[in-house]
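*Asks:*
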Amino acid sequence: MMKEKRIIVENLSKKFRIGAKKNRNALAQLVSFFSKNTEKDFWALKNISFSVKNGENIGIIGKNGSGKTTLLRTIAGIYEPDKAGIKVKGNLVYLSNLSNGLKPKLTVRDNIFLLGSITGLGQKDIKKKFNEIVDFAGLENFVYSKIHQLSSGMIQRLAFSISIYSLKHSNPDIILLDEPFSEGNDEEFSRKALNEIEELTKYERTAILVSHKIDLIKNCCNKAIWLDKGKIVKQGKADKVIEKYLKLTNKII
Amino acid sequence: MKAKIFINKIKGILGLSLQLAKADFKQRNEGSFLGILWYLLEPLFMLFMFLMVRNVVGQGIPNYPLYLFLGLIMFNFFRKTTSDSIKVITDNSGFIKSIKLNHEAFVVSALLKSVFSHFFEIIILLFLLVYSGISILNIVFYPLVFFFFCFFVLGISFFAATLGVYLKDFANLWRVFTRLLWLATPIFYASKLISKLNLPFDFNSLNPLYYFITIARECIAYNKVSQLSLIIGAVIFSLSFFVLGFIVFEKFKNKFSEMI
Numbered sequence: 081m082m083k084e085k086r087i088i089v090e091n092l093s094k095k096f097r098i099g100a101k102k103n104r105n106a107l108a109q110l111v112s113f114f115s116k117n118t119e120k121d122f123w124a125l126k127n128i129s130f131s132v133k134n135g136e137n138i139g140i141i142g143k144n145g146s147g148k149t150t151l152l153r154t155i156a157g158i159y160e161p162d163k164a165g166i167k168v169k170g171n172l173v174y175l176s177n178l179s180n181g182l183k184p185k186l187t188v189r190d191n192i193f194l195l196g197s198i199t200g201l202g203q204k205d206i207k208k209k210f211n212e213i214v215d216f217a218g219l220e221n222f223v224y225s226k227i228h229q230l231s232s233g234m235i236q237r238l239a240f241s242i243s244i245y246s247l248k249h250s251n252p253d254i255i256l257l258d259e260p261f262s263e264g265n266d267e268e269f270s271r272k273a274l275n276e277i278e279e280l281t282k283y284e285r286t287a288i289l290v291s292h293k294i295d296l297i298k299n300c301c302n303k304a305i306w307l308d309k310g311k312i313v314k315q316g317k318a319d320k321v322i323e324k325y326l327k328l329t330n331k332i333i
Numbered sequence: 077m078k079a080k081i082f083i084n085k086i087k088g089i090l091g092l093s094l095q096l097a098k099a100d101f102k103q104r105n106e107g108s109f110l111g112i113l114w115y116l117l118e119p120l121f122m123l124f125m126f127l128m129v130r131n132v133v134g135q136g137i138p139n140y141p142l143y144l145f146l147g148l149i150m151f152n153f154f155r156k157t158t159s160d161s162i163k164v165i166t167d168n169s170g171f172i173k174s175i176k177l178n179h180e181a182f183v184v185s186a187l188l189k190s191v192f193s194h195f196f197e198i199i200i201l202l203f204l205l206v207y208s209g210i211s212i213l214n215i216v217f218y219p220l221v222f223f224f225f226c227f228f229v230l231g232i233s234f235f236a237a238t239l240g241v242y243l244k245d246f247a248n249l250w251r252v253f254t255r256l257l258w259l260a261t262p263i264f265y266a267s268k269l270i271s272k273l274n275l276p277f278d279f280n281s282l283n284p285l286y287y288f289i290t291i292a293r294e295c296i297a298y299n300k301v302s303q304l305s306l307i308i309g310a311v312i313f314s315l316s317f318f319v320l321g322f323i324v325f326e327k328f329k330n331k332f333s334e335m336i
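One line per chain: the protein sequences are A and B, in this order.
So the first sequence is residues 81 to 333, counted in this note's numbering.
So the second sequence is residues 77 to 336, counted in this note's numbering.
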């Protein structure tokens, strides 16, 4: 039986207006001091097409600035596409690193309640899960500390922990994960986090993962897409795409 | 089915905005020496300042402290909510860029935050009622006026939030505008004073704030029901500004994440 398609992306393009510099003489520069900066179109994504079936996990790899995050945000509906369409079947959750949304002057407790409700947990759910979230982040002794008093690793752990628990709770058909953990976590936590992500992407759930951690993609995804400068370089079986990608990057090094 | 989805969405927006407002409220008072006492002190300072010069500015106005205080707190509510809304989207860019949310919640949270501090002002108002020897029960009419006033303020706030994303200068422009409006609205002087300016039109009748403040004053301080034209005017202002502001916000909100 053919599996149902969860996400269909067809000829997707997305542009941004970015600042540009023009060569100008002194007078023009003086005049332009009062006018708006010149801008030019920058195509972050060009003619991207692919589809994801139910239960499939796709990893997106590529250099910084190749359009990975833009692609996920456009699918999630945070950005509007400029051309063509995206079809999504089922409920979808997009999560990226939420640590810069934490309020530095509030306590860990207050931040869990704030971030929890932003990611869609109700007050009761947060109360129920509160201890688990704190335990997972390993911050039992810091519940009443302010965020600005924590180390950056602790902040990352807290943000990840809240995200994972709200994801588990909302139990969506599709998850889009954008670089779910950043660098700077110890081995123990990284392994714990990896397990959680593997657990989440199992079974019938569809997932798109953006990560620079090739191992994570290898473990969780059966397909992969390699993006460069807003275009798909290669898509297909995860092992093969990763192999090609690594070959190229190793060559450069 | 559709109605259920709609109700759930409204519930979600309200729940989230309450949490946002709470967090912001806590954050603002964090480390402050007098903390929430400022919510009482600030309007009290303003009240005493004007009471000192009441013989100059408030001549011939019965129940002047109440007249003045209602004007002060209602305008303050308007000013605070709208100016907070200008920044609310850019201030929360961390969330807006990294998760799909109902953007309306941020604007509603700015309103709720002002509602919190409005409570403190209402407490002072109750004391003033006792002091002026007016029935404290008159306050029961206020929620109704305030309800429509909130929709009016929310409508303007939706406008302000949208413009704040696109136009950096809008915050400054709005600060100047509200200062002018503050002087142009009969807050500390009698409302008929404006007619002495010999303007070619009746400014008060064009000023939505005049409607809401006057209705509140008449029912709370003077024990009477306002003219029907005033009440109808207030309802029309409230609903039309709300609908217009909301439409503008809805039209532009999907572009916010790229602008911040």
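Cβ coordinates follow ideal geometry from the N, Cα and C atoms, glycine included.
When Cβ atoms are compared, which residues of the segment 149 to 173 of chain A fall closer than 9 Å to chain B?
*Replies:* Under the 9 Å Cβ criterion, the segment 149 to 173 of chain A contributes R153, A156, G157, I158, Y159, E160, L172 and V173.
*Asks:* Measure the alpha-carbon distance for B:Y143 versus B:I199 and round it to whole angstroms.
*Replies:* If you take the alpha carbons of B:Y143 and B:I199, they lie about 16 Å apart.
*Asks:* Thinking C-beta only, is A:K183 closer than 7 Å to B:Q95?
*Replies:* No. Outside cutoff.
*Asks:* Work out the CA separation of B:F224 and B:K268 for me, nearest whole Å.
*Replies:* Roughly 24 Å between the two C-alpha positions.
*Asks:* When the distance is taken between beta carbons, is B:A186 closer than 7 Å to B:T157?
*Replies:* Yes.
*Asks:* Any chance you could list the beta strand (DSSP E) runs of at least 3 consecutive residues sitting entirely within the segment 215 to 259 of chain A, in chain order?
*Replies:* Listed in chain order, the complete beta strand (DSSP E) runs (minimum 3 residues) inside the segment 215 to 259 of chain A are 254 to 258.
*Asks:* Spatial neighbours of A:L296 within its chain, please: C-beta separation below 6 Å, excluding the five flanking residues on both sides.
*Replies:* There are no such residues.
*Asks:* State the DSSP-derived secondary structure class of A:F269, mapped to helix, strand or coil.
*Replies:* Reduced to three states, the DSSP call for A:F269 is helix.
*Asks:* Would you check if there are 3 or more beta carbon pairs closer than 8 Å linking the segment 317 to 335 of chain B to the segment 160 to 178 of chain B?
*Replies:* A contact exists between the segment 317 to 335 of chain B and the segment 160 to 178 of chain B.
*Asks:* Put A:R285 into one of helix, strand or coil per three-state DSSP.
*Replies:* Three-state DSSP puts A:R285 in coil, outside helix and strand.
*Asks:* Do A:L307 and A:K163 have their C-beta atoms within less than 7 Å of each other?
*Replies:* No; because the gap between Cβ atoms is not below 7 Å, this pair is not in contact.
*Asks:* Taking buried to mean at least 16 other C-beta atoms within 10 Å of its own C-beta, is B:Q135 buried or exposed?
*Replies:* With fewer than 16 Cβ atoms within 10 Å of its Cβ, B:Q135 is classed as exposed.
*Asks:* Which residues bound the beta strand (DSSP E) around B:V311?
*Replies:* Premise fails: B:V311 lies in the alpha helix (DSSP H), L304 to F328, not in any beta strand (DSSP E).
*Asks:* Leaving out five residues on either side along the sequence, give the residues of the same chain with a beta carbon under 7 Å from the beta carbon of B:Y218.
*Replies:* Taken in chain order, the residues that qualify are A292 and I296.
*Asks:* Decide if B:S108 is buried, meaning its Cβ has at least 16 other Cβ atoms within 10 Å, or exposed.
*Replies:* Classification of B:S108: exposed, given that the 10 Å Cβ count is below 16.
*Asks:* In whole angstroms, give me the CA-to-CA distance for A:K218 and A:T187.
*Replies:* Contrary to the premise, residue 218 of chain A reads as Gly rather than Lys in this sequence. Approximately 15 Å between the Cα atoms of the pair.
*Asks:* For B:F153 and B:L127, I'd like the C-alpha separation in whole angstroms.
*Replies:* The alpha-carbon atoms of B:F153 and B:L127 are separated by roughly 20 Å.
*Asks:* So which residues on chain B does A:F193 lean against when the C-beta distance must stay under 9 Å?
*Replies:* What A:F193 touches in chain B: Q95, K98 and A99.
*Asks:* Quick check: B:E294 and B:S302, are their CB atoms within less than 7 Å of each other?
*Replies:* Yes, the pair counts as a contact, with Cβ atoms nearer than the cut-off.
*Asks:* Which residues, taken in chain order from the segment 302 to 336 of chain B, show a beta carbon closer than 8 Å to some beta carbon of chain A?
*Replies:* Within the segment 302 to 336 of chain B, the residues whose Cβ lies closer than 8 Å to some Cβ of chain A are N330, K331, S333 and E334, listed in chain order.
*Asks:* Does the beta carbon of B:G170 sit closer than 7 Å to a beta carbon anywhere in chain A?
*Replies:* Yes, B:G170 counts as interfacial toward chain A.
*Asks:* Do we get a CB-CB distance below 7 Å when we pair B:S174 with the residues of chain A?
*Replies:* Yes, contact with chain A.
*Asks:* What would DSSP say about A:N91, mapped onto helix, strand or coil?
*Replies:* In the structure shown, A:N91 sits in a strand (DSSP, three-state: E or B).
*Asks:* Helix, strand or coil for A:V290? Go by DSSP, reduced to three states.
*Replies:* A:V290: strand per DSSP, three-state reduction.
*Asks:* Excluding sequence positions up to five away, which residues of its chain have a Cβ less than 7 Å from the Cβ of B:I81?
*Replies:* Around B:I81: no qualifying Cβ.
*Asks:* List the residues that DSSP assigns as beta-bridge partners of A:L178.
*Replies:* Partner(s): none; A:L178 has no beta bridge.
*Asks:* Comparing C-alpha positions only, which one of A:S146, A:A100 and A:N134 sits nearest to A:V313?
*Replies:* Cα-wise, what sits closest to A:V313 is A:S146.
*Asks:* Could you say which of A:F216, A:Y159 and A:K272 lies nearest to B:I336 if we only look at CA atoms?
*Replies:* Residue A:Y159 is the option with its Cα nearest to B:I336.
*Asks:* Ignore the nearest five residues each way along the sequence and tell me which others in B:L282's own chain have a CB closer than 8 Å to its CB.
*Replies:* Around B:L282: no qualifying Cβ.
*Asks:* Applying the criterion that 16 or more other CB atoms from any shown protein chain within 10 Å of the CB defines a buried residue, is B:P138 buried or exposed?
*Replies:* Exposed, by the Cβ-count rule.
*Asks:* Taking 7 Å as the cut-off, decide whether the C-beta atoms of B:F121 and B:F228 are in contact.
*Replies:* Contact flag unset, no.
*Asks:* By the three-class DSSP mapping on this structure, what secondary structure does B:Q95 have?
*Replies:* Three-state result, B:Q95: helix.
*Asks:* If we count the other Cβ atoms within 10 Å of its Cβ and call it buried at 16 or more, is A:T329 buried or exposed?
*Replies:* When all chains shown are included, A:T329 counts as exposed.
*Asks:* Can you grab the Cα-Cα spacing for the pair B:A79 / A:K95, in whole Å?
*Replies:* Between B:A79 and A:K95, the C-alpha separation is close to 36 Å.
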